[in-house]
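Heads up, the sequence shown is in our numbering, so the first residue is 34 and it goes up one at a time.
Heads up, the thing below is written out as structure tokens.
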Amino acid sequence: MSDLAPTPTAHTRFAAIRARLEAIDPAPGPTAWIYEFLLFGFKQGWACLFGGLMLAMLLGTHLFWPTDAPIARYDALTIGALAIQITMLLLRLETLSEAKVILAFHAVGTIMELFKTAYGSWTYPEPSLLRIGGVPLFSGFMYACVGSYIARVWRIFDFRFPHYPPAAWSYALAVAVYVNFFAHHWLPDVRLLLFAAMGLLFWRTRVIFRVWRENRSMPLLLGWFLVALFIWFAENIATFSRAWIYPSQEAGWTLVSPAKLGAWYLLMYISFVLVAAVHRVRSR
Numbered sequence: 034m035s036d037l038a039p040t041p042t043a044h045t046r047f048a049a050i051r052a053r054l055e056a057i058d059p060a061p062g063p064t065a066w067i068y069e070f071l072l073f074g075f076k077q078g079w080a081c082l083f084g085g086l087m088l089a090m091l092l093g094t095h096l097f098w099p100t101d102a103p104i105a106r107y108d109a110l111t112i113g114a115l116a117i118q119i120t121m122l123l124l125r126l127e128t129l130s131e132a133k134v135i136l137a138f139h140a141v142g143t144i145m146e147l148f149k150t151a152y153g154s155w156t157y158p159e160p161s162l163l164r165i166g167g168v169p170l171f172s173g174f175m176y177a178c179v180g181s182y183i184a185r186v187w188r189i190f191d192f193r194f195p196h197y198p199p200a201a202w203s204y205a206l207a208v209a210v211y212v213n214f215f216a217h218h219w220l221p222d223v224r225l226l227l228f229a230a231m232g233l234l235f236w237r238t239r240v241i242f243r244v245w246r247e248n249r250s251m252p253l254l255l256g257w258f259l260v261a262l263f264i265w266f267a268e269n270i271a272t273f274s275r276a277w278i279y280p281s282q283e284a285g286w287t288l289v290s291p292a293k294l295g296a297w298y299l300l301m302y303i304s305f306v307l308v309a310a311v312h313r314v315r316s317r
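The following block contains the structure:
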């Protein structure tokens, strides 16, 4: 079990808004329950800010980007994603530590994209100049959306993790998951063993979070699944906007297979461990 010292909290503009909302004192009972639910939604929305802006940009450019524009749509997405990141830092909507997490996700995600597109797992059907091989640079920001959400929600809800396994074990499992994303193309896919190992390591671990006045908790394995489900919904929006497409979508958009939830769950685990290395895990 980890019981490490907390990292210093970097204040953002959201901190003052959060303090005012948490100071509101509605009547006890149903009114307070409804207020806490709405506050939970507001905080979740704030944590999703980077991802939400990216999805809005993907959908907006798909619907309205002119065919005779001076730059390619994918290049505009790369420039727009970078502008969002810089603006969030300048306006103190995001902390520097969260930006570091996003940079790490961008690097890890781009490496995976280069490999997966080479094997035809998915493609980027539109032209662009700002790319490495067949991968436009905005793609790394799609992974960064996940990292940004986890880093922000961790701070906003003040996460604690009772019965967290030894950090070395969690890191080793994350490396195995990442390697399997590549190796299963020429070796047996061991994701079922990885799911089993994850269950054994984290079946007792809970995530404790504070929305308003009281601590709430849920099994960490369930929390990962809920986030993976949300990512799957977002992926359907992204593929509809042809940010990327799977082979089954070349003739026209179709719903992404629910089987992809397993891959997103594994990616969710890698994402969590990367953020844990920055935020540090606290059990109390």
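Positions of the beta carbon are idealized from the N, C-alpha and C atoms, including for glycine.
Next on the checklist: Quick test of your reading: Ser311 and Lys133, contact by CB under 8 Å. State the CB separation rounded to the nearest angstrom.
Outcome noted: On the sequence shown, residue 311 is found 278 positions in, with the first residue counted as 1. On the sequence shown, residue 133 is found 100 positions in, with the first residue counted as 1. Per the sequence shown, the amino acid found at residue 311 is Val instead of Ser. Right, the Cβ-Cβ distance comes to about 7 Å (below 8 Å), so this counts as a contact.
Checklist entry - With a cut-off of 8 Å, do at least 3 Cβ pairs link the segment 105–116 to the segment 63–80? => result no
Item to check | Rounded C-alpha distance that separates Gln282 from Leu162 | outcome: By 1-based counting over the sequence shown, the position of residue 282 is 249. By 1-based counting over the sequence shown, the position of residue 162 is 129. When rounded, the distance between both Cα atoms is 24 Å.
Checklist entry - Got a sec, what are the start and stop residues for the alpha helix (DSSP H) Trp306 sits in? => result Counted from its first residue, the sequence shown places residue 306 at position 273. The sequence given here has Val at residue 306, not Trp. That run of the alpha helix (DSSP H) goes Lys293 to His312.
Item to check | Simplified DSSP assignment, three categories, for Ile278 | outcome: For the purposes of this step, residue 278 is identified with residue 245 of the sequence shown, where counting begins at 1. Ile278: strand per DSSP, three-state reduction.
Checklist entry - If you run the structure through DSSP and keep just helix, strand and coil, what is Thr100? => result Working through the sequence shown from its first residue, we reach residue 100 at position 67. In the structure shown, Thr100 sits in coil (DSSP, three-state: anything other than H, G, I, E or B).
Next on the checklist: With the cut-off set at 8 Å, would you say Trp265 and Leu294 are in Cβ contact?
Outcome noted: Start at 1 with the first residue of the sequence shown, and residue 265 comes out as number 232. Start at 1 with the first residue of the sequence shown, and residue 294 comes out as number 261. Result yes, Cβ atoms of Trp265 and Leu294 sit closer than 8 Å.
Checklist entry - With burial defined as no fewer than 16 other Cβ atoms inside 10 Å of the residue's Cβ, what is the status of Ile135: buried or exposed? => result By one-based count along the sequence shown, residue 135 stands at place 102. Ile135 is buried by the Cβ-count criterion.
Next on the checklist: Let's see if you can read the secondary structure: which residues bound the alpha helix (DSSP H) around Ser203?
Outcome noted: Within the sequence shown, numbered from 1, the residue matching residue 203 stands at position 170. Counting along the chain, the alpha helix (DSSP H) containing Ser203 begins and ends at Ala200 to Ala216.
Checklist entry - Leaving out the 5 sequence neighbours to the left and right, which residues in its chain are closer than 8 Å to Asp222 when beta-carbon positions are compared? => result To locate residue 222, count along the sequence shown from 1; it is residue 189. Closer than 8 Å at the Cβ level, and outside the excluded window around Asp222, lie Asn213.
Checklist entry - Helix, strand or coil: how does DSSP classify Asp36 here? => result Taking the sequence shown and counting its residues from 1, the one referred to as residue 36 is at position 3. Confidence is the limiting factor: at Asp36 the pLDDT is only 37, short of 50, which leaves the residue's position unreliable and the question unanswerable from this model.
Item to check | Span of the alpha helix (DSSP H), counted from its first residue to its last, around Arg224 | outcome: Within the sequence shown, residue 224 is the residue found at index 191, counting from 1. Note, Arg224: alpha helix (DSSP H), Arg224 to Phe235.
Item to check | Where Val179 falls: helix, strand or coil (DSSP) | outcome: As a first step, residue 179 must be located in the sequence shown, where it is residue number 146. Val179 falls in the helix class under three-state DSSP.
Next on the checklist: Which of the three DSSP states is assigned to Arg185 in this structure?
Outcome noted: If you number the sequence shown from 1, residue 185 lands on position 152. If DSSP states are grouped into helix, strand and coil, Arg185 belongs with the helices.
Next on the checklist: For a minimum of 4 consecutive residues, which ranges assigned as the alpha helix (DSSP H) are wholly contained in the segment 242–268?
Outcome noted: none
Item to check | CA nearest to the CA of Asp191, picked from Arg246, Pro280 and Leu206 | outcome: Working through the sequence shown from its first residue, we reach residue 191 at position 158. The shortest Cα separation from Asp191 among Arg246, Pro280 and Leu206 belongs to Arg246.
Checklist entry - Using the C-alpha atoms, what's the distance from Leu96 back to Val244? => result Numbered from its first residue, the sequence shown carries residue 244 at position 211. Numbered from its first residue, the sequence shown carries residue 96 at position 63. If I take the Cα positions, the gap works out to 37 Å.
Next on the checklist: Spatial neighbours of Phe138 within its chain, please: C-beta separation below 6 Å, excluding the five flanking residues on both sides.
Outcome noted: One-based indexing of the sequence shown puts residue 138 at position 105. Once the five neighbours on either side are set aside, the close Cβ partners of Phe138 are Tyr176, Ala177 and Gly180.
Checklist entry - With distances taken from CA atoms, which of Met87, Thr143 and Ala48 is nearest Pro169? => result Here the question's residue 169 lines up with position 136 in the sequence shown. Nearest option by C-alpha distance: Thr143.
Checklist entry - Looking at the structure shown, is Thr287 part of a helix, part of a strand, or coil, going by DSSP? => result Counting from 1 along the sequence shown, the entry for residue 287 is found at position 254. Reduced to three states, the DSSP call for Thr287 is coil.
Next on the checklist: Going by C-alpha to C-alpha distance, which of Ile50, Trp286, Arg313 and Val210 sits closest to Ala184?
Outcome noted: If you number the sequence shown from 1, residue 184 lands on position 151. Ranking Ile50, Trp286, Arg313 and Val210 by Cα distance to Ala184 puts Arg313 first.
Checklist entry - What residues in its chain sit with their C-beta under 8 Å from that of Met87, if we drop five residues either side in the sequence? => result To locate residue 87, count along the sequence shown from 1; it is residue 54. Excluding sequence neighbours, Met87 sits near Ala114, Ile117, Phe174, Met175 and Cys178.
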